[in-house]
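Visitor: Residue numbers (UniProt numbering): 1 to 455.
So that we are looking at the same thing, I have put the structure below in structure tokens.
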Amino acid sequence: MKKLITLVLLYLSVQMSAQCWQSISAGDDHSLAIKNDGTLWAWGDNTFGELGDNTNIAKNVPTQIGTANNWVKICAGNSFSLALKSDGTLWAWGRNDFGQLGDNTLVDKSSPVKIGTATNWQSINTGAQHCIALKTDGTLWTWGRNNFGQLGDNTEVDKRSPVKIGTATNWQSIAAGSYHCLVLKSDGTLWSWGWNYHGSLGDGTITQRNSPVQVGTANNWWKIDTGDYHSMGIKTDGTLWTWGDNSNGGMGDGTTVYKKSPTQIGTGNNWLNVVGGEEFTYATKTDHTLWSWGRNDKGQLGNGTNGAINTLTPTQVGSSSDTFEMALGDSFALVKNSDGYLRTCGLNLEGQLGDGTNVDKNTLTTISCSAVLSTQDVSLNNLKVYPNPVKDVLNLSSDKKITSAEIYNLVGQQVFAKEINAQEGKIDTSNLAAGIYLVKVTSGNEVKTLKIVKK
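Written out as structure tokens, the structure reads:
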């Protein structure tokens, strides 16, 4: 029996890996992901239709959006979403009160709508209510809210459709904070504009800029990102730099004092990637270890603590050396490993962690590829398992005699087993913690494994 269980779980692992996550993005209270098959998935808050499933109902498990399988890039904003397809087209949905969808209206959309006719969009990023994007010709475009000059077009006038910024064709990498933008050129120089709260632009001042200004004279910037009001970058020598708001230690320099210019964090030269959230930061080193620091009121640092325990310097999260992508939202985090498995932590009020619950987590919780499901009653080859999601009693029925039923958590541990020897059976799940489980049902020589969500 132990060998059979191992084989079943191995089979499941192979099947899950074949359908794992390719790309992830975190908004204020919702999450987006693309699977390896090019399909689009979303979960979390859906007040303004930001999930794109043509409803306004929040989801706490990944939910497929439409049937298209050619999605390649995603970016979740504050109650709205952007995405690119493999044909270079731009799509948007969700909240649109400042024109942030770029469709030349102020009307919210609850499913993806195509923006314009261009087929040469290359990369996208979102702020609180504004967007920034690059085309394949190296030109820079922005749209949405512009109350602090965050569009960079030398005005403070909102734009409802994409506007080209300047004439340069060597823009290479983009990032957007709540009300500011950070951009790299192909020559390694760094540029910023918008609101300069606590020095988030890094130009040595707290003066708002309505058009791009160069940050210092360095030409060896490699990677960049922004939090809400702080900014960060890695240089080609592997050193890590941060600046801007530091109220809860989001810069990682051991203080809570904001900095108006890029400040090196430590002396390490093996930083690989860095991303920002609301007053907290995640980074990886070249060995793919994960590090976090800053605000931790909801457990978003993933280190097993929360409340008033902020971390002011980079601190390793766990012992794993398998972090390949990170996405930070408003007090929550998404982390993807090399196999495409997703781990999440932090605030979960709207189900943005995708673990089938609305309970905050202060350690990274695995959302395996098997977590992807439509929360409906399961019926496979005359075997029915219902209701799904389940709160208390889970019912099983089949036209054949069910020999036994077992329940496993997502790390393969058996948490329930029962002999049934009838065509119908009941399982009391009231003692199980909320989350996603695998139910293995044996009927003679047949074994079927189904996925359920425990409320």
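For every residue, glycine included, the Cβ atom is placed at its ideal position computed from N, Cα and C.
1) Comparing C-alpha positions only, which one of 161, 146, 163 sits nearest to residue 155?
2) Using only the alpha-carbon positions, how far apart do residue 234 and residue 240 sit?
3) Can you name the residues that DSSP bridges to residue 224?
4) From the DSSP output, which residues share a beta bridge with residue 332?
5) Near residue 247, what residues of its chain come up, given a Cβ to Cβ distance below 7 angstroms and the 5 sequence neighbours on each side ignored?
6) Does the segment 347-354 come close enough to the segment 315-327 to have 3 or more Cβ pairs within less than 8 angstroms?
7) Examine the Cβ distances between the segment 204-212 and the segment 273-288 and report whether three or more of them are shorter than 8 angstroms.
8) Around the C-beta of residue 436, are 16 or more other C-beta atoms found within 10 angstroms, so that it is buried, or is it exposed?
9) Only counting runs of 3 or more residues, tell me where the beta strand (DSSP E) segments fall wholly within the segment 164-188, in order along the chain.
10) In the DSSP output, which residue or residues are listed as bridge partners for residue 74?
11) Would you identify the three-state DSSP class for residue 341, choosing helix, strand or coil?
12) Identify every residue that forms a DSSP beta bridge with residue 428.
13) Beta-carbon separation of residue 25 and residue 74 under 8 angstroms?
14) Using a Cβ distance threshold of 8 angstroms, determine whether the segment 390-409 contacts the segment 321-338, with at least three qualifying pairs required.
15) Based on Cα-Cα distance, which residue from 138, 204, 202 lies nearest to residue 187?
16) Assign residue 198 to one of three DSSP states: helix, strand, or coil.
17) Taking just the CA atoms, how far does residue 42 sit from residue 365?
18) Could you compute how far the alpha carbon of residue 480 sits from the alpha carbon of residue 441?
19) Between which two residues does the beta strand (DSSP E) carrying residue 446 extend?
20) By Cβ distance, which residues of its chain are closer than 8 angstroms to residue 85, with the 5 residues on each side in sequence left out?
21) Per the DSSP calculation, residue 408 is bridged to which residue(s)?
22) Please state whether the Cβ-Cβ distance between residue 253 and residue 267 is less than 8 angstroms.
Guide: The short version:
1) 146
2) 5 angstroms
3) 233
4) Residue pairing by DSSP places residue 332 opposite 346 in a beta bridge.
5) Short of 7 angstroms from the beta carbon of residue 247, and not among the five residues preceding or following it, lie these beta carbons of its own chain, in chain order: 256, 279.
6) no
7) no
8) Residue 436 comes out buried.
9) 171-176, 180-185
10) 83
11) coil
12) 393
13) The Cβ atoms of residue 25 and residue 74 sit closer than 8 angstroms to each other.
14) no
15) 138
16) helix
17) 18 angstroms
18) Beyond the ends of the chain as shown, which are 1 and 455, falls residue 480; an answer cannot be given.
19) First-last of the beta strand (DSSP E) with residue 446: 446-454.
20) 68, 70, 71, 72, 91
21) Paired residue(s): 414, 438.
22) no
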